[in-house]
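Note sheet for the following structure.
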Amino acid sequence: MMKLYQFELLLFLLLIIDNTTLSQKISPKIVSSILKPILKEVRQQATEYALKKSLDKITQSPTPEQQAEVIQGLYQIKQYLYYFGYLQQYGPFNNVLDQQTMSAIKIYQQNFNLQVTNGYLNTETSQQILLPRCGVPDMNFEYSFTNDKSFPKGNNETTSYDDADIKIRFYNINYIDGVDDVVVGDAVIKLGSNVNSGLIRLIASKYWVLPTDNYMWSWQNGEFDLETAAMYQIGHLLGLDHSFDKESVMYPAILPLQQRKLHITDSDNQAIQQIYSNANSDNGGCFTMFGSSSGLLTSLFLGFAFVALLN
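Numbers 1 to 311, taken from UniProt numbering, label the letters of the sequence shown in order.
Below, the structure is given as structure tokens:
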């Protein structure tokens, strides 16, 4: 059955084509005002259709009563669970729902506070898997401290990209199947002979929204908030792991109603304070990447190469 927006679009195009006199009288501004909401609806419907098709594939899990062990497309879910640290076995993966996969699904559900099944995918779990998210694993994320580094106290501003403690770059990264469509960025620590720095890698194919962009945007249209993504990945460079508190800036997925998240919660503050207080009390050390925690926090605000983030 033809959608309403499809009918409106076809009708409008027929009027333009069949009536040249009318089309000459219609200004480009009027044409744009009519087409813009229709095209936006077409794009949104297409995105929702693609998501639904993916959702249909991964929700065809058997019930315990069926005792079925092979699920079409399950290998992509296995790759997703493996990449983010839930599944320990290494690929290539098949479509067999084995005990290791069922255990991984249950741990995933527990972490994200979802309904815990007996290791089977349900709609809630599948929808969570489809959310855009950080490329850093939820489990087995490691950071370390050292006591042989120092960082000058005070506000040290860096204007050179090469000398910045935190660098932001846009990459075309090809992830494995089951992960490629959902990852929007990650963070890595670059260790060199003289300088250690943090690199934030954002996916270049996404459309990144600046604070000055005043319009309705959504990740459902491939649009993501640059400040939110950068702030989140800086948390990783500071040593923060993922938080499964939906209000935390370190929640690994982008929720539909929280696409811009810049407020640091009490749990975020407590987590970062615990990291550095423990390091200082244990060995007088600090986070490997930057030296002292005071210098590291200074770099949080002053180490950017992109001025847009500071506007």
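Beta carbons are placed, not taken as given, at the ideal position from N, Cα and C, and that holds for glycine.
Query raised in the report: Looking at M216 and the ligand FMN, is the gap between the Cβ and the nearest heavy atom below 7 Å?
Result: Of ligands this structure carries none, so the ligand FMN is not represented either.
Query - C-beta contact flag for N95 and V116 at 8 Å - result: In this structure, the beta-carbon distance from N95 to V116 does not fall below 8 Å.
Report task. Would you mind giving the Cβ-Cβ distance between I129 and Y80, rounded to the nearest angstrom? I have them listed as a contact below 8 Å. Result -> Their Cβ separation, rounded to whole angstroms, is 6 Å, which keeps I129 and Y80 in contact under 8 Å.
**Report entry** Where P132 falls, given that 16 or more other Cβ within 10 Å makes a residue buried
**Finding:** The residue is buried, with at least 16 neighbouring Cβ atoms inside 10 Å.
Query - C286, buried or exposed, once every other Cβ within 10 Å from all chains shown has been counted against 16 - result: Reliability fails at C286, whose pLDDT of 43 lies under 50, so the model's placement of it is uncertain and the value that follows must be treated cautiously. In this structure C286 is buried. Its beta-carbon is surrounded by 16 or more other beta-carbon atoms within 10 angstroms.
Requested in this report: Could you tell me how far apart the beta carbons of G235 and M250 are, in whole angstroms, since I believe they sit closer than 8 Å?
Outcome: Contact holds; Cβ gap of about 5 Å.
Report task. Entirely within the UniProt domain "Peptidase M10 metallopeptidase" (159-276) and at least 4 residues each: give me those alpha helix (DSSP H) ranges in chain order. Result -> The UniProt domain "Peptidase M10 metallopeptidase" (159-276) contains these whole alpha helix (DSSP H) runs: 226-237.
Requested in this report: Closer than 6 Å by C-beta to I275: which residues in its own chain qualify, once you throw out the five before and the five after it? Chain order, please.
Outcome: Contacts found: G239.
Query raised in the report: Buried or exposed: where does I77 fall if 16 or more other Cβ atoms within 10 Å of its Cβ makes it buried?
Result: Classification for I77: buried.
Requested in this report: Classify S150 as helix, strand or coil using the three-state DSSP reduction.
Outcome: The predicted position of S150 is uncertain, since its pLDDT is 42 and thus under 50; a value taken from the coordinates is nonetheless stated next. S150: coil per DSSP, three-state reduction.
Report task. Compute the distance between the beta-carbons of L114 and T123, then report whether it is under 8 Å. Result -> No, the Cβ-Cβ distance between L114 and T123 is not below 8 Å.
**Report entry** Among E223, N111, M216, D266, nearest to L202 - alpha-carbon criterion
**Finding:** It is E223.
Requested in this report: Have a look at Q127 and V182 and give me their C-alpha separation to the nearest angstrom.
Outcome: A straight line joining the alpha-carbon of Q127 with that of V182 spans about 12 Å.
Query - Reference P256, options G73, F170, N221, closest by Cα - result: Nearest of G73, F170, N221 to P256, Cα basis: N221.
Query raised in the report: What's the gap between the Cα of G185 and the Cα of A229?
Result: Going from the Cα of G185 to the Cα of A229 covers about 8 Å.
Report task. Could you please give the first and the last residue of the uninterrupted alpha helix (DSSP H) stretch that includes N94? Result -> Where N94 is concerned, there is no enclosing alpha helix (DSSP H), because DSSP gives it neither an H nor an E.
Query - CB contact flag (M231, L199, <8 Å) - result: Their beta carbons are not under 8 Å apart, which means M231 does not touch L199 by this criterion.
Query raised in the report: Do you know whose CA, among V209, I166, N172, D213, lies nearest I189's CA?
Result: Of V209, I166, N172, D213, the residue nearest in Cα terms is I166.
Query raised in the report: So T117 is in the alpha helix (DSSP H); what residue range does that whole segment cover?
Result: It is not in any alpha helix (DSSP H) - T117 carries neither H nor E in the DSSP assignment.
Requested in this report: Starting from L74, follow the alpha helix (DSSP H) in both directions and report where the run begins and ends.
Outcome: Per DSSP, the continuous alpha helix (DSSP H) segment holding L74 begins and ends at 74-83.
Query - Spatial distance of V179 from W219 (CA atoms) - result: When rounded, the distance between both Cα atoms is 16 Å.
Requested in this report: Output the distance between the C-alpha atoms of T265 and D177, rounded to the nearest integer angstrom.
Outcome: When rounded, the separation of the alpha-carbon atoms in T265 and D177 is 34 Å.
Requested in this report: Find the nearest neighbour of D241 within the set Q99, F112, P137, judged by alpha-carbon distance.
Outcome: Closest option to D241, Cα to Cα, is P137.
**Report entry** F93 versus N174: straight-line alpha-carbon distance, rounded
**Finding:** The straight-line gap separating the alpha-carbon atoms of F93 and N174 is approximately 18 Å.
Requested in this report: Look at the alpha carbon of S160 and the alpha carbon of D213, and state the distance between them as a whole number of angstroms.
Outcome: S160 and D213: Cα-Cα distance of roughly 26 Å.
**Report entry** Rounded separation between G91 and Y108 - CA only
**Finding:** Distance between the alpha carbons of G91 and Y108 is about 19 Å.
Report task. Sort I272, K206, D163 by Cα distance to F170 and report the nearest one. Result -> In this structure, K206 is the residue among I272, K206, D163 with its C-alpha nearest to the C-alpha of F170.
Report task. In angstroms with no decimal places, state the Cα-to-Cα distance between F112 and D163. Result -> In this structure, the alpha-carbon of F112 lies about 38 Å from that of D163.
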